[in-house]
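Notes follow once the structure below has been shown.
Number of protein chains: 2
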Amino acid sequence: MQTRKETLVDELVEYMLVNGLSNVSLRPLAEALGTSARLLIYHFESKEGLLTEVLERMQTRLRQSFGTMLERGSGSSERPLKQFWDWAIAARNFPYLRLLYELQILAAQNPESYGQYLQQNASNWSELIAMALPENERTPAMVTLVGAVFDGLFLELMSTGDRKRTTLAIHHFIKLVDDARETSRVTHKKSAKASAN
Amino acid sequence: MQTRKETLVDELVEYMLVNGLSNVSLRPLAEALGTSARLLIYHFESKEGLLTEVLERMQTRLRQSFGTMLERGSGSSERPLKQFWDWAIAARNFPYLRLLYELQILAAQNPESYGQYLQQNASNWSELIAMALPENERTPAMVTLVGAVFDGLFLELMSTGDRKRTTLAIHHFIKLVDDARETSRVTHKKSAKASAN
DNA sequence: GTTGACATGTAACGAGTGTTACATGTAACG
DNA sequence: CGTTACATGTAACACTCGTTACATGTCAAC
């Protein structure tokens, strides 16, 4: 059976997925849950403790969702990056990722307030990206680039809401990588570069 | 001669480039300038008016700096994207761009507070990107992708401070586009795709 | 020398913040 | 029934916020 605190965490997650985390304060939070600020402090010791537990819960859920995607998609012919993108923009996952991006930006400008909530997520991501790339393309430059494409397109999606255009752009990137691979393959066999001029 | 208000704006710009804008409040701000909150309200009417003028000044300066880069670089053989990146990460310009990125993220999660300070910058950027691309590549997907690469790498630079790796990544992207262009050119003449398998 | 515009400081107001002191309810166990 | 642990509410404290009321300084113009 779920303890009182756990149901509280669940409700808090719901609230923060909608309202973001840069503006939360205890009284509005408590009112939205139909209770009092006193209760939140009672269960979480402090606002900081509350944020820590809520963000941990969020990341746990996100990891679960990510895991099931990997299971289902492991036999798929879909490109890993495309598969990752579709997962990220799914209605179920999007709000979680949006909030973690907000956290990352806040921490970048304001480490003393938000840095403590950042875990090793960024490094996790580059590991995931690295594993998804063929070995001969697993260079720091390529891993960084793929991560940046994903981050940049996701932030664009956050700002504009334009799912269609951002998805087109990631398809375009995948095609660019394929085409470049092709040129590089040919170039390795014989120097085809000269024929360009 | 500079009016008192103008020198105040200059000092405020300096302060905010260092401290970001999500946490500014009048009293610490005033203390840093050696004056009082009263004075700031007197000259700017309200905190909102102050932010508006400070951000306008920042964007004016950034546009000037961008203009001189275009003049100097117009005869250069450098790729436009590379040129743009070098400009963006230059010590002189980086703090300005960092602050505008912070603004954009804050506005995305909190439009009612920060949306008013956002001008038509995003659309300006995609126009700039579009002009820098050869006409036959000026598709929405490509423009969005290039913008996302730039945004993603800049944010990565903001978070990690790793100039070397992010610059390598943008070089890699430029090379990818070149190689893909090559394949696409060949493919247009005769269907070389089949030989891939 | 007085007037008047601009500039500036001190202190307060009302609202919102996280947190705490104190009281009270509920419900299981002896 | 009484005790005890958990849960919850009300009200306050000390603080910060943007803003304002009121007073004062500076300095040029008439």
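These protein sequence lines are chains A and B, in that order. Its first residue numbered 1, the first sequence is counted upward by one per residue in this note's numbering. Its first residue numbered 1001, the second sequence is counted upward by one per residue in this note's numbering. Cβ coordinates follow ideal geometry from the N, Cα and C atoms, glycine included. All values derive from a computational prediction rather than experimental measurement.
Please confirm whether residue i and residue j have their CB atoms less than 8 angstroms apart.
{"i": "Gln109 (chain A)", "j": "Glu1102 (chain B)", "result": "yes"}
{"i": "Leu153 (chain A)", "j": "Ala169 (chain A)", "result": "yes"}
{"i": "Arg1099 (chain B)", "j": "Met1058 (chain B)", "result": "Rather than Arg, the amino acid found at residue 1099 (chain B) in this sequence is Leu. Yes; because the gap between Cβ atoms is below 8 angstroms, this pair is in contact."}
{"i": "Thr167 (chain A)", "j": "Thr1166 (chain B)", "result": "no"}
{"i": "Ala180 (chain A)", "j": "Ala1180 (chain B)", "result": "yes"}
{"i": "Leu133 (chain A)", "j": "Leu1176 (chain B)", "result": "no"}
{"i": "His1172 (chain B)", "j": "Ala30 (chain A)", "result": "no"}
{"i": "Glu1182 (chain B)", "j": "Thr183 (chain A)", "result": "yes"}
{"i": "Ile1089 (chain B)", "j": "Ile105 (chain A)", "result": "no"}
{"i": "Phe44 (chain A)", "j": "Glu53 (chain A)", "result": "yes"}
{"i": "Gln83 (chain A)", "j": "Gly73 (chain A)", "result": "yes"}
Give me the chain A residues within the contact set of residue i, using Cβ-Cβ distance strictly less than 9 angstroms, ordered along the chain.
{"i": "Arg1138 (chain B)", "result": "Correct list: empty, because the minimum Cβ distance to chain A is about 12 angstroms."}
{"i": "Ser1159 (chain B)", "result": "Gln104, Ile105, Ala107, Ala108 and Ala122"}
Residues of chain A with CB under 7 angstroms from residue i, in chain order?
{"i": "Gly1115 (chain B)", "result": "What Gly1115 (chain B) touches in chain A: nothing, since even the nearest Cβ is about 11 angstroms away."}
{"i": "Arg1165 (chain B)", "result": "Pro140 and Thr144"}
{"i": "Gln1109 (chain B)", "result": "Gly20, Ser22 and Glu102"}
{"i": "Tyr1094 (chain B)", "result": "It is worth fixing the name first, because residue 1094 (chain B) is Phe in this sequence and not Tyr. None at all; the shortest Cβ gap to chain A is about 13 angstroms."}
Residue i versus chain B: which residues are under 7 angstroms apart at the beta carbon?
{"i": "Leu155 (chain A)", "result": "Asp1151"}
What in chain B is Cβ-close to residue i, meaning under 8 angstroms?
{"i": "Glu127 (chain A)", "result": "Correct list: empty, because the minimum Cβ distance to chain B is about 15 angstroms."}
{"i": "Gly147 (chain A)", "result": "Gly1152 and Glu1156"}
{"i": "Leu168 (chain A)", "result": "Pro1140, Ala1141 and Thr1144"}
Just checking my contact of residue i with residue j at CB under 8 angstroms: how many whole Å lie between their CB atoms?
{"i": "Val1146 (chain B)", "j": "Ile1174 (chain B)", "result": "Between Ile1174 (chain B) and Val1146 (chain B) the Cβ distance is about 10 angstroms, and since that is not below 8 angstroms, they are no contact."}
{"i": "Met69 (chain A)", "j": "Trp85 (chain A)", "result": "With 8 angstroms as the limit, Met69 (chain A) and Trp85 (chain A) do not qualify as a contact, their Cβ atoms being about 11 angstroms apart."}
{"i": "Ala107 (chain A)", "j": "Leu97 (chain A)", "result": "At roughly 15 angstroms, the Cβ-Cβ gap does not stay under 8 angstroms, so Ala107 (chain A) and Leu97 (chain A) are not in contact."}
Just to make sure I have the definition right: I need the residues of chain B whose C-beta is within less than 9 angstroms of the C-beta of residue i. Which are they?
{"i": "Asp179 (chain A)", "result": "Leu1176, Asp1179, Ala1180, Arg1181, Glu1182, Thr1183, Ser1184 and Thr1187"}
By the criterion of Cβ-Cβ separation under 8 angstroms, what are the contact partners of residue i in chain A?
{"i": "Phe1173 (chain B)", "result": "Leu145"}
With three or more beta-carbon pairs closer than 8 angstroms as the criterion, would you say the segment 1060–1070 of chain B touches the segment 1019–1034 of chain B?
no
Taking three-plus beta-carbon pairs below 8 angstroms as touching, is the segment 1087–1101 of chain B in contact with the segment 1044–1053 of chain B?
no
The segment 1021–1041 of chain B contacting the segment 1002–1013 of chain B, beta-carbon criterion three pairs below 8 angstroms:
yes
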